[in-house]
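See below for the structure under consideration.
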Amino acid sequence: MKRFLIIFGISLLLVSLPAELFADRRGFVRTVVIDAGHGGKDPGAVGSRTQEKNITLSIALKLGDYIKQNFSDVKVIYTRDTDVFVELHRRAQIANENHADLFISIHCNSARNSSAYGSETFVMGIDRSRANLEVAKKENAAILYEEDYLETYDGYDPNSPESNIIFTLFQNEYLNRSLDLASLVQDQFRERAKRVDRGVKQEGFIVLYRATMPAILVEAGFLSNAREEAYLASAEGQDHIASAIFRAFRDYKTQQDQIAASWDQQLLAQHTETPEESGPVSPKPAVAATGPARETTENSPQIIFKVQFASTREKKPLDAPEFKDLEQVDYYFQDGLYKYTVGNVMTLEDAAVIQDQVQMAGFKDAFVVAFHNNQRISPAEALRLLNQFKTNP
91 MKRFLIIFGI
101 SLLLVSLPAE
111 LFADRRGFVR
121 TVVIDAGHGG
131 KDPGAVGSRT
141 QEKNITLSIA
151 LKLGDYIKQN
161 FSDVKVIYTR
171 DTDVFVELHR
181 RAQIANENHA
191 DLFISIHCNS
201 ARNSSAYGSE
211 TFVMGIDRSR
221 ANLEVAKKEN
231 AAILYEEDYL
241 ETYDGYDPNS
251 PESNIIFTLF
261 QNEYLNRSLD
271 LASLVQDQFR
281 ERAKRVDRGV
291 KQEGFIVLYR
301 ATMPAILVEA
311 GFLSNAREEA
321 YLASAEGQDH
331 IASAIFRAFR
341 DYKTQQDQIA
351 ASWDQQLLAQ
361 HTETPEESGP
371 VSPKPAVAAT
381 GPARETTENS
391 PQIIFKVQFA
401 STREKKPLDA
411 PEFKDLEQVD
421 YYFQDGLYKY
431 TVGNVMTLED
441 AAVIQDQVQM
451 AGFKDAFVVA
461 FHNNQRISPA
471 EALRLLNQFK
481 TNP
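Counted from 1, the sequence shown has number 251 at position 161 by our numbering; the numbering is strictly sequential.
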């Protein structure tokens with residue numbers, strides 16, 4: 091019980107910390123921390139002829155090179171760039187100290203069943219699936235290589251069923267954006283790397299819960315599967331995995347930068363408005379669900395922007411008490427999650443205004459999503475389609 095109270099108290103503290111203590115993650119993506127799982131005395135998963143620590147390091151370095159070559163405005167930081175042991179808590183600490191905008195942890199999986207295969211991406215959260223819990227326990231067991239781990243991790247013991255249940259109380263401040271990036275990664279694994287898509291999942295990884303920014307943990311494939319082990323050990327396989335993660339990063343960065351730019355334009359407009367023009371301040375209404383309509387033609391792309399503010403595994407009623415400050419709440423279902431939105435606008439600028447209103451209503455991690463013909467696409471893809479139509483109407 092004492093251990094429960096300690097960990098539960100810390101989880102409440104994390105949830106209640108004022109937003110000012112965290113970097114403003116609504117802004118541009120400028121710093122990314124890439125974490126190569128395991129290392130040094132911790133080999134991670136062991137295949138017939140490979141060790142996880144070596145494969146993850148190779149993929150991490152390739153991913154960093156892709157980002158550096160294509161985005162001169164992004165600072166890439168590695169938790170390790172050689173075969174050294176880095177404590178789990180230190181990995182997230184590196185990201186926090188550098189005010190990173192993104193944390194990507196790269197791993198390889200293993201299973202008793204040698205026929206298991208495919209790639210999956212995890213975010214911090216609660217998932218009561220026994221299979222997912224086993225993955226988390228294997229990765230969290232790396233703390234056993236650390237001295238005084240019970241003190242460092244507030245009494246957490248990866249071998250204790252009690253600790254693994256309690257651990258799910260920790261919540262990721264940036265869960266929605268983490269889910270968004272994770273979905274992009276899985277899309278690229280399926281389309282670019284031609285991997286079996288095992289989906290986006292949630293579980294209590296130590297390396298994720300201490301990160302104060304959007305964070306994902308990628309399981310590139312199974313070293314316990316001879317065919318996947320050979321693929322992951324090959325230069326071509328590692329290139330494919332790194333390239334797929336890079337493409338997801340590219341789309342995510344483009345999306346976030348577009349939103350941040352629109353937000354800056356809104357702030358600039360507000361600050362350049364003179365007192366005579368501004369007029370009296372009206373009481374703040376509930377968050378609007380619609381915005382100015384755009385004139386459309388028969389051939390114009392049907393692009394709609396919404397603001398996503400929550401996601402759950404169990405479906406919530408749209409008039410749930412926690413949604414009381416929002417108007418005309420809607421939802422869509424993706425990757426096993428019910429994702430809740432407001433807004434139904436035609437421009438990213440209008441969506442940015444609604445995003446600010448939703449965040450002021452208490453949903454600090456709200457972000458913009460786009461739909462084309464009722465199918466979810468990235469805002470970057472939406473803008474590409476709109477610009478394409480302007481060029482060739």
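We put the beta carbon where it would ideally sit given N, CA and C, even for glycine.
These numbers were taken from a predicted model, which means no experiment stands behind them.
Bridge partners - residue i, DSSP secondary structure assignment
i, result
"residue 400", "430"
"residue 129", "132"
"residue 344", "Its beta-bridge partners do not exist; DSSP assigns none."
"residue 349", "According to DSSP, residue 349 bridges with nothing at all."
"residue 267", "Paired residue(s): none; residue 267 is not in a bridge."
"residue 287", "209"
"residue 121", "165"
"residue 394", "461"
Backbone secondary structure at residue i - three-state DSSP
i, result
"residue 417", "coil"
"residue 424", "strand"
"residue 295", "coil"
"residue 141", "strand"
"residue 324", "coil"
"residue 185", "helix"
"residue 278", "helix"
"residue 476", "helix"
"residue 192", "strand"
"residue 171", "coil"
"residue 303", "coil"
"residue 461", "strand"
"residue 209", "strand"
"residue 336", "helix"
"residue 199", "strand"
"residue 309", "strand"
"residue 164", "coil"
"residue 466", "strand"
"residue 450", "helix"
"residue 435", "strand"
"residue 97", "Summary for residue 97: the model assigns pLDDT 36, below 50, so the residue's position carries little reliability; its value from the coordinates is reported in the next sentence. Helix at residue 97."
"residue 254", "Confidence in residue 254 is poor, its pLDDT being 42 and thus under 50, which makes the residue's placement too unreliable to answer from."
Outcome for residue i when other beta-carbon atoms lying within 10 angstroms are tallied against a minimum of 16
i, result
"residue 453", "buried"
"residue 199", "buried"
"residue 408", "exposed"
"residue 295", "buried"
"residue 402", "exposed"
"residue 169", "buried"
"residue 209", "buried"
"residue 214", "buried"
"residue 410", "exposed"
"residue 321", "buried"
"residue 457", "buried"
"residue 441", "buried"
"residue 392", "exposed"
"residue 155", "exposed"
"residue 450", "exposed"
"residue 158", "exposed"
"residue 404", "exposed"
"residue 319", "buried"
"residue 300", "buried"
"residue 273", "buried"
"residue 414", "exposed"
"residue 137", "buried"
"residue 336", "buried"
"residue 426", "exposed"
"residue 343", "buried"
Below-8 Å beta-carbon distance, residue i vs any chain B residue
i, result
"residue 128", "Considering every chain present, this structure includes no chain B. It has just one protein chain."
Next on the checklist: Would the region 296 to 305 count as touching the region 181 to 194 if we require 3 or more Cβ pairs under 8 Å?
Outcome noted: yes
Checklist entry - Can we say the region 148 to 165 touches the region 268 to 282, given the rule of at least three CB pairs closer than 8 Å? => result no
Checklist entry - Three or more beta-carbon pairs under 8 Å between the region 177 to 187 and the region 131 to 147, yes or no? => result no
Next on the checklist: Does the contact criterion of 3 or more C-beta pairs under 8 Å hold for the region 312 to 326 versus the region 132 to 149?
Outcome noted: yes
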